[in-house]
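According to our numbering, the sequence shown is numbered sequentially starting from 2.
Positions of the beta carbon are idealized from the N, C-alpha and C atoms, including for glycine.
Working notes, beginning with the structure itself.
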Amino acid sequence: MIRNRRVEVLLPEDLVRELDAIARSENLNRSGIIREATQRYVHDRRRAELRKQLQAGYVEMARINLELASEFGMDSSETLKGE
């Protein structure tokens, strides 16, 4: 079972009014909306970090592949053509 922990968050009045309107229209409470928004934010951050790591890995692999091709006497035009 997941335990919930109480946290205090200060928000501008206008944002709280919007939050309350959304809560009423979706039959949720503030905590539910803030919890969902926080989960989405954390998920998006994790995906962005993973994307960044993958991109760095692909760049590194490209560098290694060019280095290996160079060791075998191939220039970049040959490696791009697949010759």
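At the C-beta level, LEU11 and ILE34 stay beyond 8 Å of one another. Look at MET62 here: in three-state DSSP terms it is helix.
Shown here, GLY33 sits in a helix according to DSSP, grouped into three states. In the three-state DSSP reduction, LEU12 falls in the coil class, being neither helix nor strand. Residue nearest to GLU14 within the set ALA22, GLU72 and VAL8 is ALA22 (criterion: CA-CA distance).
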